[in-house]
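S.K.: After the structure tokens below, expect a handful of questions from me.
Residue numbers (the working numbering): 401 to 540.
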């Protein structure tokens, strides 16, 4: 039972930081389950945010990506982990709000991915530190 609980914590903490997994004021509840055109390819918008955006410019493994984007100071880490899970959800929704402007069938170019790559990487960074904070609180 504890293994399942820990697995759910890890999963939901990551999901909470994915722009297509969190809503801002309930304005867009589609969670990206529609297709957009990425260049000449039809792709589910949700899939774009689950992984494609991270591999567009950096063909590394996710563990390599985590190592390479973790370049923050202890003060920045403290700021990221300040507050509680509700504050983190609000922060994630506010940061992710612009991605919900994309609608079904919209044509996106590669620059879309490049423009939003910093958001995706920042959200992953926050998710990692916040997950660590939750797990540290559990195991202390």
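Just so you know, even glycine gets a beta-carbon here, dropped at the ideal spot from N, CA and C. Quick caveat: nothing in here was measured; it's all calculated off a predicted structure.
Any idea if residue 439 is buried or exposed, counting beta-carbon neighbours within 10 angstroms, 16 or more meaning buried?
M.R.: Exposed: under 16 other Cβ atoms inside 10 Å.
S.K.: Please report how far the alpha carbon of residue 383 lies from the alpha carbon of residue 537, in whole angstroms.
M.R.: Since the first residue of the chain shown is 401 and the last is 540, residue 383 is not available in this structure.
S.K.: Residue 442 bridges to which residues according to DSSP?
M.R.: Per DSSP, 437.
S.K.: Would DSSP call residue 478 helix, strand or coil?
M.R.: It is helical.
S.K.: Could you spell out where the alpha helix (DSSP H) holding residue 488 opens and where it closes?
M.R.: First-last of the alpha helix (DSSP H) with residue 488: 485-496.
S.K.: Is it true that the segment 495-503 meets the segment 461-471, where meeting means three or more beta-carbon pairs spaced less than 8 Å apart?
M.R.: No contact exists between the segment 495-503 and the segment 461-471.
S.K.: Taking Cβ to Cβ, would you say residue 422 is nearer than 8 Å to residue 534?
M.R.: No, the Cβ-Cβ distance between residue 422 and residue 534 is not below 8 Å.
S.K.: What residue does the alpha helix (DSSP H) around residue 405 start on, and which one ends it?
M.R.: First-last of the alpha helix (DSSP H) with residue 405: 402-417.
S.K.: Please name the residue or residues paired with residue 507 in a DSSP beta bridge.
M.R.: Answer is 437.
S.K.: Would you call the CB atoms of residue 524 and residue 446 closer than 8 Å?
M.R.: No, the Cβ-Cβ distance between residue 524 and residue 446 is not below 8 Å.
S.K.: Is the Cβ-Cβ distance between residue 436 and residue 508 less than 8 Å?
M.R.: Closer than 8 Å, so yes.
S.K.: Starting from residue 578, trace the alpha helix (DSSP H) both ways and give me its first and last residue.
M.R.: Because the chain in this structure spans residues 401 to 540, residue 578 falls outside the shown range and cannot be described.
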